[in-house]
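If you count the sequence shown from 1, position 272 lands on 272 in UniProt numbering, and the numbers rise without skipping.
Each residue gets a CB set at the ideal place from its N, CA and C atoms; glycine is no exception.
Below is one structure; the comments refer to it alone.
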Amino acid sequence: MKKISTLGTSNFSHFRHFYIKTMGCQMNDYDSDYLAQFLVNNGFSPVNTPENADLILINTCAVRAKPEQKAYSFLGRMSSIKKGNPDLTIGMVGCLAQLKGPELLKRFPQLDLVIGPRELGRFKKILEKIDRNSGKIVATRLDLAPPQPVPCKGYFHKRITNHVSIMEGCNNFCSYCIVPYVRGREISRSPDEIVAEAKNLLSEGIREITLLGQNVNSYLWEGKKSKWGFPALLNELSRLNGLLRLRFTTSHPKDLSDDLIHSFCHIKNLCHHIHLPFQAGSNRILKLMKRGYTRENYLELIDKLRKMIPDIAITSDVMVGFPGESDEDFELTMDLVRRVEFDSLFSFKYSDRKGTVAEKMDGKIDKTVKSSRLNILQDLQKKITLKKNKALEGIQLEVLVEGPSKRVGQLTGRTASHKVVNFNSNNSRIGRLCTVTIKHSFLNSLRGEVVE
Ligand code: SAH
Ligand code: SF4
Ligand code: F3S
Numbered sequence: 001m002k003k004i005s006t007l008g009t010s011n012f013s014h015f016r017h018f019y020i021k022t023m024g025c026q027m028n029d030y031d032s033d034y035l036a037q038f039l040v041n042n043g044f045s046p047v048n049t050p051e052n053a054d055l056i057l058i059n060t061c062a063v064r065a066k067p068e069q070k071a072y073s074f075l076g077r078m079s080s081i082k083k084g085n086p087d088l089t090i091g092m093v094g095c096l097a098q099l100k101g102p103e104l105l106k107r108f109p110q111l112d113l114v115i116g117p118r119e120l121g122r123f124k125k126i127l128e129k130i131d132r133n134s135g136k137i138v139a140t141r142l143d144l145a146p147p148q149p150v151p152c153k154g155y156f157h158k159r160i161t162n163h164v165s166i167m168e169g170c171n172n173f174c175s176y177c178i179v180p181y182v183r184g185r186e187i188s189r190s191p192d193e194i195v196a197e198a199k200n201l202l203s204e205g206i207r208e209i210t211l212l213g214q215n216v217n218s219y220l221w222e223g224k225k226s227k228w229g230f231p232a233l234l235n236e237l238s239r240l241n242g243l244l245r246l247r248f249t250t251s252h253p254k255d256l257s258d259d260l261i262h263s264f265c266h267i268k269n270l271c272h273h274i275h276l277p278f279q280a281g282s283n284r285i286l287k288l289m290k291r292g293y294t295r296e297n298y299l300e301l302i303d304k305l306r307k308m309i310p311d312i313a314i315t316s317d318v319m320v321g322f323p324g325e326s327d328e329d330f331e332l333t334m335d336l337v338r339r340v341e342f343d344s345l346f347s348f349k350y351s352d353r354k355g356t357v358a359e360k361m362d363g364k365i366d367k368t369v370k371s372s373r374l375n376i377l378q379d380l381q382k383k384i385t386l387k388k389n390k391a392l393e394g395i396q397l398e399v400l401v402e403g404p405s406k407r408v409g410q411l412t413g414r415t416a417s418h419k420v421v422n423f424n425s426n427n428s429r430i431g432r433l434c435t436v437t438i439k440h441s442f443l444n445s446l447r448g449e450v451v452e
């Protein structure tokens with residue numbers, strides 16, 4: 001975490017130093033940034049180790065069993081710190097906090113706070129109560145609007161690229177997924193609020209903004225006088241002064257409109273990259289998942305995208321071992337991956353989530369079968385990614401330079417397609433677009449040379 005040196009006095013008598021641990025997706029990153037900004041605005045300082053904090057917040061994810069376990073084990077470690085420091089306040093926030101609620105206080109007696117993602121707008125009130133020693137708090141209402149970030153000077157997690165949440169929640173209830181239960185129903189923020197937040201980021205030196213939403217392309221805002229769909233919002237934001245690049249994630253295939261595809265053609269600073277999860281290649285499994293499209297629909301979308309925007313990078317999410325997934329179903333997933341040749345792919349083993357429809361389905365797949373399918377799939381994708389990256393050798397690409405790389409004397413940045421490029425340069429290029437020739441391609445990054 002970034003160090004802030006000079007700060008005002010804390011508005012809270014019991015706290016001065018905070019530590020936030022963030023798990024899960026970009027939406028959690030964004031929420032943690034919101035919390036950090038709120039705390040800094042109120043006179044707190046961030047610290048780099050939890051031992052030095054008097055407020056620890058763990059921002060959790062509930063999407064699979066793994067992040068859930070990770071959150072419990074981190075909380076266990078924080079609880080042991082508290083045994084030696086009884087004044088320490090520990091809070092669990094985010095999706096797992098929402099899911100488990102008061103149960104967490106029973107299981108972890110050292111925990112003081114449980115706050116769901118839709119309660120973050122009430123964080124100040126919650127902290128004031130804790131500061132007055134008014135006992136432990138569980139805040140898990142799901143019907144509240146997302147918080148309105150206060151413009152905060154000087155504290156940002158990232159310096160060149162940043163996120164703006166434009167909608168939150170999900171109405172889709174895919175049969176395996178816990179997100180609708182922990183993030184609530186879809187709610188879009190007003191264009192005015194979004195533009196104000198983006199302008200604030202730009203004034204702080206941010207040059208690339210990624211718009212976030214669980215289903216970002218179902219953004220819809222209906223005001224008294226006007227109605228805004230997602231393409232209109234993109235258009236508006238793209239014109240902001242100083243914005244070099246605009247991105248968005250995550251899109252749902254069933255809501256990918258022609259208008260949105262056209263946006264890639266006529267909005268100059270909209271990066272040619274789309275993250276479009278497909279989840280499975282078999283129609284039978286897609287139906288059981290309640291995804292709302294077939295493999296044919298998905299492949300048609302990919303064709304359309306590539307016809308209209310030939311250099312578009314396509315990335316995706318997929319799952320193996322969904323209940324009832326046969327060898328033939330899995331082969332259809334492999335086939336789709338071979339046909340589409342994604343630029344990169346996030347792949348997961350299906351994980352039972354309590355309370356979802358899939359949890360109660362028959363035909364659960366053995367652990368070892370899931371692992372072996374995942375390995376086969378990941379091996380295939382590695383070959384595809386490497387092949388695609390190798391094809392870039394000798395080609396000139398535009399990179400937005402984000403900062404120093406791990407190697408001394410090198411900078412790092414990303415292409416419009418979101419690939420990492422490292423190259424030799426002094427720091428003067430940070431925050432600017434620069435053209436590099438790709439010299440060597442690897443699986444997870446490219447090495448380039450600046451075109452002077
Ligand atoms: N809204 C996005 C996905 C959000 S969750 C969409 O609809 O695509 C991120 C990813 O986690 C999903 O794309 C899915 O691949 C994976 N995921 C969700 N629930 C899961 C589960 N129960 N087991 C394994 N992976 C899961
Ligand atoms: Fe989960 Fe489906 Fe909603 Fe994505 S669309 S968050 S996978 S329920
Ligand atoms: Fe996890 Fe919540 Fe994101 S469940 S994936 S942190 S929306």
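Given 8 Å as the limit, tell me if residue i has its C-beta closer than that to any heavy atom belonging to the ligand SF4.
| i | result |
| --- | --- |
| Val-179 | yes |
| Gln-26 | no |
| Phe-108 | no |
| Asn-297 | no |
| Cys-170 | yes |
| Cys-434 | no |
| Cys-95 | no |
Straight-line CA distance for residue i to residue j?
| i | j | result |
| --- | --- | --- |
| Gly-292 | Pro-180 | 16 Å |
| Pro-149 | Ser-428 | 31 Å |
| Asp-112 | Tyr-72 | 15 Å |
| Asn-283 | Ala-62 | 27 Å |
| Pro-146 | Lys-390 | 42 Å |
| residue 453 | Asp-352 | Outside the shown range of the chain, which is 1 to 452, sits residue 453, and nothing can be said about it. |
| Tyr-19 | Tyr-219 | 33 Å |
| Ser-5 | Ser-45 | With a pLDDT of 35 at Ser-5, under the threshold of 50, the predicted position of this residue should be treated as unreliable, though the coordinate-derived value follows. Rounded to the nearest angstrom, the two C-alpha atoms are 8 Å apart. |
| Val-436 | Val-420 | 12 Å |
| Phe-346 | Ile-178 | 18 Å |
| His-418 | Gly-431 | 16 Å |
| Thr-356 | His-163 | 29 Å |
| Lys-2 | Leu-35 | Unreliable positioning characterises Lys-2 in this predicted model, as indicated by a pLDDT of 37, which lies under 50. A coordinate reading is not provided. |
| Arg-77 | Glu-449 | 45 Å |
| Met-289 | Phe-173 | 9 Å |
Any heavy atom of the ligand SAH closer than 8 Å to the Cβ of residue i?
| i | result |
| --- | --- |
| Ala-71 | no |
| Gln-279 | yes |
| Thr-250 | yes |
| Gln-98 | no |
For residue i, is the classification buried or exposed, using 16 other Cβ atoms within 10 angstroms of its Cβ as the cut-off for buried?
| i | result |
| --- | --- |
| Gln-410 | exposed |
| Pro-109 | exposed |
| Lys-83 | exposed |
| Glu-68 | buried |
| Pro-310 | exposed |
| Glu-103 | exposed |
| Asp-31 | buried |
| Arg-245 | buried |
| Gly-363 | exposed |
| Pro-277 | buried |
| Ile-395 | exposed |
| Ala-198 | buried |
| Arg-414 | buried |
So is the beta-carbon of residue i under 8 Å away from any non-hydrogen atom of the ligand F3S?
| i | result |
| --- | --- |
| Arg-183 | yes |
| Thr-356 | no |
| Gly-60 | This sequence places Thr at residue 60; Gly is not what is there. For the ligand F3S, at least one heavy atom lies less than 8 Å from the Cβ of Thr-60. |
| Val-63 | yes |
| Cys-265 | no |
Is residue i helix, strand or coil by DSSP?
| i | result |
| --- | --- |
| Gly-76 | helix |
| Pro-404 | strand |
| Val-369 | helix |
| Lys-382 | helix |
| Asp-255 | helix |
| Ser-445 | coil |
| Lys-2 | Note that Lys-2 has pLDDT 37, beneath the 50 cutoff, so the model's placement of it is unreliable and no number is given. |
| Tyr-19 | strand |
| Ala-139 | strand |
| His-262 | helix |
| Ser-274 | Looking at the sequence itself, residue 274 is Ile, so the reference to Ser does not match. Strand. |
| Ala-71 | helix |
| Ser-134 | coil |
| Glu-296 | helix |
| Asn-162 | strand |
Report, in whole angstroms, the separation of the C-beta atoms of residue i and residue j, which I expect to be a contact under 8 Å.
| i | j | result |
| --- | --- | --- |
| Arg-441 | Leu-392 | One point to set straight first is that residue 441 is Ser, not Arg, in the sequence displayed. Their Cβ separation, rounded to whole angstroms, is 6 Å, which keeps Ser-441 and Leu-392 in contact under 8 Å. |
| Lys-21 | Phe-74 | 6 Å |
| Gln-26 | Leu-212 | 6 Å |
| Thr-140 | Glu-119 | 7 Å |
| Ile-56 | Ile-90 | 5 Å |
| Ile-312 | Phe-348 | At roughly 24 Å, the Cβ-Cβ gap does not stay under 8 Å, so Ile-312 and Phe-348 are not in contact. |
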